[in-house]
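Worksheet: the structure to be examined is printed underneath.
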Amino acid sequence: MRKLIAIGTLATLLAACSSGPRPLYYWGDYQDQVYQYYVAPGDLATQKEAILKIIQEAKAEDLPVGPGVYGHLGLIEMQQGDIVAAREAFQKEATLYPESKQFIQFITHAKSAQKAKGRAK
Numbered sequence: 077m078r079k080l081i082a083i084g085t086l087a088t089l090l091a092a093c094s095s096g097p098r099p100l101y102y103w104g105d106y107q108d109q110v111y112q113y114y115v116a117p118g119d120l121a122t123q124k125e126a127i128l129k130i131i132q133e134a135k136a137e138d139l140p141v142g143p144g145v146y147g148h149l150g151l152i153e154m155q156q157g158d159i160v161a162a163r164e165a166f167q168k169e170a171t172l173y174p175e176s177k178q179f180i181q182f183i184t185h186a187k188s189a190q191k192a193k194g195r196a197k
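The opening position of the sequence shown corresponds to residue 77 in the numbering used here, with each subsequent residue numbered one higher.
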């Protein structure tokens with residue numbers, strides 16, 4: 077009888093541990109979206125919807141989105157001309173991942189310089 081209880085307890089413990097560790101971030105299909113951003117850059121509305129879906133799914137899973145997701149959203153918003161929404165997305169990225177702040181500043185300055193150069197022509 078003791079042997080049976082020990083085997084049952086061991087089986088229960090092993091089953092409880094088999095679920096694996098909880099992921100640190102929620103990525104969804106973010107890799108596919110980055111790929112699409114470079115392959116089909118003109119389809120920004122669809123890409124924006126997909127990124128927003130990833131963010132919603134992350135909230136539903138109670139996990140933070142992976143680094144770069146809000147930055148990617150900011151790039152899309154900037155290309156669509158919604159500077160306010162782009163700044164909000166970039167700020168969210170910098171708040172969640174402070175190490176990305178310098179890169180975001182680089183991107184925003186580069187895009188601003190590019191726009192200014194385009195207007196000068």
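Backbone N, C-alpha and C fix where the C-beta goes; we use that ideal spot for every residue, glycine too.
- Counting only residues of its own chain and dropping the five nearest sequence neighbours on each side, alanine 161 has a CB closer than 6 Å to the CB of Glu153.
- Rounded to whole angstroms, leucine 100 and methionine 77 show a C-alpha spacing of 42 Å.
- For the options Lys187, Ala186 and Phe166, the alpha carbon positioned closest to that of lysine 177 is the one of Phe166.
- Classified as exposed, tyrosine 111 has fewer than 16 neighbouring CB atoms from the shown chains inside 10 Å of its CB.
- Note on glutamine 107: under 16 other CB atoms within 10 angstroms of its CB, so exposed under the neighbour-count rule.
- Beta-bridge partners of valine 141 (DSSP): Tyr102.
- With contacts defined as CB atoms closer than 8 Å, glutamine 109 and isoleucine 127 qualify as a contacting pair.
- Cα atoms of glutamine 156 and glutamine 181: separation of roughly 19 Å, rounded to the nearest angstrom.
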